[in-house]
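Asker:
There are 2 protein chains.
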Amino acid sequence: MKIRELGEFGLLEELSRVVKEAGVGQGPDLLLGIGDDASAWLGLGRVELLTTDILVEGVHFDLKTMSWRELGWKSLAVNLSDIAAMGGQPSQAVISLGLPEDVEVEQVLELYQGMIGLAKEFNLLLSGGDLTASPMVIISPTVAGYGKEGQLLTRSGARPGQLIGVTGYLGSAAAGLQMLREGLEFDPEITLYLRQAHLHPVPRIAEAQKLVQEGIRVAIDVSDGLVADLRHICQASGVEAEVEAENLPVHPLVRSAFGEASLRLALAGGEDYELIFVGEEEKIQRVRQQMSTPVSIVGRILPGEAGKVKVLHQGSSLGELESGWEHFKSGKATWSC
Amino acid sequence: MKIRELGEFGLLEELSRVVKEAGVGQGPDLLLGIGDDASAWLGLGRVELLTTDILVEGVHFDLKTMSWRELGWKSLAVNLSDIAAMGGQPSQAVISLGLPEDVEVEQVLELYQGMIGLAKEFNLLLSGGDLTASPMVIISPTVAGYGKEGQLLTRSGARPGQLIGVTGYLGSAAAGLQMLREGLEFDPEITLYLRQAHLHPVPRIAEAQKLVQEGIRVAIDVSDGLVADLRHICQASGVEAEVEAENLPVHPLVRSAFGEASLRLALAGGEDYELIFVGEEEKIQRVRQQMSTPVSIVGRILPGEAGKVKVLHQGSSLGELESGWEHFKSGKATWSC
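Protein chains in written order, with our numbering: chain A, 1 to 337; chain B, 1001 to 1337.
Right under this line is the structure:
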């Protein structure tokens, strides 16, 4: 069978299975292996986190619509978002780079300036990496971080009766991608907002710390889209979820630019790198009072079919939406999760 | 300036400089940043190590001359070799994979079986990663490990009067690469040995532990070739080195197959993933007595020009050899360091 037939998630399941069967996928100190936002193991006195991504020119990004500096920021930001989704703090990053030999030195330095900007803002050290020749630009950052035992945010543990919260706005990054790809023109305020939303995601490290402090223990970051990422939580937790479309946080500028289409962007658009989290209503209310980042309650956890996500719109069900984006199964370019 | 004009090491220096200037390349706990075999920082009670590689089909490997399982073993083994070169023990690996969509699921599972074989042998957990679509196969493993404070092997600290030791044999992997590339035919014993040397390197984790126990503190693994890698030690330590060609450990099967050309393979051929280390003669003798892996003394450290490596052959100098392989500056395919 070709991997495009099995799909990304199917292949991941297969790999997870063989690794576990071989006994190298679990150990006494390994808290989370293949299948969460980052791996987590019990170090001395704290939980060590490790997360990696691989981003390929022409598949995940296009240097015609973004600068090298923006590429540097974003490629590292999405990894910090995975650390945030675990409730962790980032510490170090090592960067593997594949570069065509006719790239300008100045362009590589710009790429690094983007990463340096992020590193400064989030107290991250750039401590090493690997450079190689390659037919196209490839970036594979790995970020190490840490958290506290018993205070991680994971995909499992959501229980019926709990509510679903989201930080910030949904669909803005996908709206930005659509604008850049299709050359859509809006007024300068909208253009700037959409461009930033797509190219300059801000990892929710501080917000995740607040969630942890208030006793939230279930979260994921929005890389594939609300429905797809919420489905990961529901699968890992063995529960069903119900989302109310009216309560989705759509930014006013996105609504004014995309009208009715905003709803679809908010449900299925990826790469917002906001946090979806699950907890009791009073905890979510306390979280909301403590951060300047907006927090919305978008739905609830139900008993029922594990992994199912229902979307209600004006009281009736929208049915099952497409499952967000999977590598291999689609030609659609996006950033990896 | 194009990066092919500046070269890999020149670009690395530039990146190291901007990262340091920005203040994100050093911190109170960071022991080693850009420029050694792995990054090292002071964790709670131990030193944490992190190393990464990026391997691109057509640049670093060719699936016509190696199996998917061999590719899995080797791509992870070279990272474990970097942990060995720091005197560390590996703990976890995360694997970023880029795969064309028409790859067979069975091939990806074979790739993982190669990595699983290595993980079992070296007590490594495969704890996560990332999968994405890509026009060619890309593998970017990151390995985390740990060592003890004050007991790391680094590139700096070599002093005049110390001797240069090497584990195992040199040039065998390059001989194997030449055989596979040029379709050379030898008798079955030689063919098997050369194939294994190139495709199945065994990271010197246990040997590195013995070096550390006997008080050795300077080492590097042979990825670019003896002269090129020894030059890294000499640059980092501000010393010169002298190598005696007669003392290079060339395997008898390589000598019988390649004759006089073996010398060049041993001096400039990369990818043996043996350890080059520096220390006092009595320490090297104690190390030699304690391991079944052969240990050779191949030269000595001298005062003089920082970074210079002289090769003596039958009493006279061979002069400066080419500096081993640099990405971008050469079209020669190899594995990255």
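For every residue, glycine included, the Cβ atom is placed at its ideal position computed from N, Cα and C.
Unbroken beta strand (DSSP E) runs of length 3 or more, entirely within the segment 1039-1074 of chain B: which are they?
Answerer: 1039-1042, 1047-1052
Asker: Does the beta carbon of E1104(B) come closer than 8 Å to any beta carbon on chain A?
Answerer: yes
Asker: So what does DSSP say about T191(A), is it helix, strand or coil?
Answerer: helix
Asker: Excluding sequence positions up to five away, which residues of its chain have a Cβ less than 6 Å from the Cβ of R204(A)?
Answerer: A84, T167, L275
Asker: Does T52(A) get closer than 8 Å to chain B when you measure Cβ to Cβ?
Answerer: T52(A) counts as touching chain B.
Asker: Thinking D272(A) and A158(A) are a contact (beta carbons under 8 Å), I'd like their distance in whole angstroms, please.
Answerer: The pair is not a contact, with the Cβ atoms about 20 Å apart (cut-off 8 Å).
Asker: Should A359(A) be labelled buried (16 or more other beta-carbon atoms within 10 Å of its own) or exposed?
Answerer: Any question about residue 359(A) goes unanswered here, given that chain A covers just 1 to 337.
Asker: Have a look at G1342(B) and E282(A) and give me their C-alpha separation to the nearest angstrom.
Answerer: For chain B, the structure presents residues 1001 to 1337; residue 1342(B) sits outside this window and is missing.
Asker: Note down, in chain order, each residue of its chain lying with its Cβ closer than 6 Å to the Cβ of V1212(B), except the 5 sequence neighbours on either side.
Answerer: Closer than 6 Å at the Cβ level, and outside the excluded window around V1212(B), lie G1087, Q1151.
Asker: Would you be able to state if there are at least three C-beta pairs under 8 Å between the segment 1232-1251 of chain B and the segment 1292-1299 of chain B?
Answerer: yes
Asker: Scan the segment 1112-1124 of chain B for residues whose Cβ lies nearer than 8 Å to a Cβ of chain A and list them as they occur along the chain.
Answerer: Y1112, Q1113, I1116, A1119, K1120, L1124
Asker: Given a cut-off of 8 Å, decide if G128(A) and A1038(B) are closer than it, judged by their beta-carbon atoms.
Answerer: yes
Asker: Would you decide whether P372(A) is buried or exposed? Buried here means 16 or more other CB atoms lie within 10 Å of its CB.
Answerer: In the structure as shown, chain A starts at 1 and stops at 337, and residue 372(A) therefore has no counterpart that could be examined.
Asker: Would A22(A) pass as a contact of I1116(B) if the rule is Cβ separation under 8 Å?
Answerer: Against a cut-off of 8 Å, the Cβ pair of I1116(B) and A22(A) comes out as a contact.
Asker: Compare the C-beta of R338(A) with all C-beta atoms of chain B and state if any pair is closer than 8 Å.
Answerer: Since the first residue of chain A shown is 1 and the last is 337, residue 338(A) is not available in this structure.
Asker: Note down, in chain order, every chain B residue with its Cβ under 8 Å from the Cβ of L63(A).
Answerer: Here the premise fails: no neighbours, minimum Cβ distance about 15 Å.
Asker: Using three-state DSSP, classify A1294(B) as helix, strand or coil.
Answerer: Ala is not the amino acid found at residue 1294(B); the sequence shown has Pro there. Coil at P1294(B), not helix or strand.
Asker: Which word fits M1066(B), buried or exposed, when buried means at least 16 other C-beta atoms lie within 10 angstroms of its C-beta?
Answerer: buried
Asker: Is the distance from the Cβ of A1236(B) to the Cβ of A1219(B) below 8 Å?
Answerer: no
Asker: So, using beta-carbon positions, are A1175(B) and F1061(B) closer together than 8 Å?
Answerer: no
Asker: Once the 5 residues before and after L1012(B) are set aside, which same chain residues still bring their CB inside 8 Å of it?
Answerer: In its chain, beyond the 5 residues on either side, I1034, G1035 have a beta carbon closer than 8 Å to the beta carbon of L1012(B).
Asker: Taking only the alpha-carbon atoms, compute the straight-line gap between S1223(B) and N1123(B) and give it to the nearest angstrom.
Answerer: 23 Å
Asker: Report the residues of the segment 1083-1098 of chain B with a CB closer than 8 Å to any CB of chain A, ordered along the chain.
Answerer: S1091, Q1092, V1094, I1095, S1096, L1097, G1098
Asker: Ignore the nearest five residues each way along the sequence and tell me which others in V18(A)'s own chain have a CB closer than 6 Å to its CB.
Answerer: none
Asker: Can you give, in chain order, each stretch of the beta strand (DSSP E) that sits fully within the segment 1066-1148 of chain B and has at least 3 residues?
Answerer: 1089-1099, 1125-1133, 1138-1147
Asker: Does A268(A) come within less than 8 Å of chain B when only Cβ atoms are used?
Answerer: no
Asker: Within a Cβ cutoff of 6 Å, which residues of the same chain sit near Q1092(B), ignoring the five residues on either side of it in sequence?
Answerer: L1125, S1127, A1144
Asker: Starting from G176(A) and walking both ways along the alpha helix (DSSP H), at which residues does that stretch end?
Answerer: 172-182
Asker: Leaving out five residues on either side along the sequence, give the residues of the same chain with a beta carbon under 8 Å from the beta carbon of S317(A).
Answerer: K310, V311
Asker: On the premise that V254(A) lies in contact with L267(A), defined as a C-beta separation below 8 Å, what is that separation, rounded to the nearest angstrom?
Answerer: No, L267(A) and V254(A) are not in contact; Cβ-Cβ is about 13 Å, not under 8 Å.
Asker: Below 7 Å on C-beta distance, what does W1073(B) contact in chain E?
Answerer: Judged by its chain identifiers, the structure shown contains no chain E, and its protein chains are A and B.
Asker: Following the continuous alpha helix (DSSP H) through F1258(B), name the residue where it begins and the one where it ends.
Answerer: 1252-1258
Asker: Under 7 Å Cβ to Cβ from L76(A), same chain only, skipping five residues before and after it: list those, please.
Answerer: A93, M115, L118, P141
Asker: Taking all protein chains shown into account, decide if D1187(B) is buried (16 or more other Cβ within 10 angstroms of its Cβ) or exposed.
Answerer: Using a 10 angstroms sphere on the CB of D1187(B), the tally of other CB atoms stays under 16, which defines it as exposed.
Asker: So, do the segment 1041-1060 of chain B and the segment 43-51 of chain A have three or more beta carbon pairs nearer to each other than 8 Å?
Answerer: yes
Asker: If the cut-off is 8 Å on Cβ atoms, which residues from the segment 129-155 of chain A count as contacting chain B, listed in chain order?
Answerer: G129, D130, L131, T132, A133, S134, P135, M136, I138, S140, T142, A144
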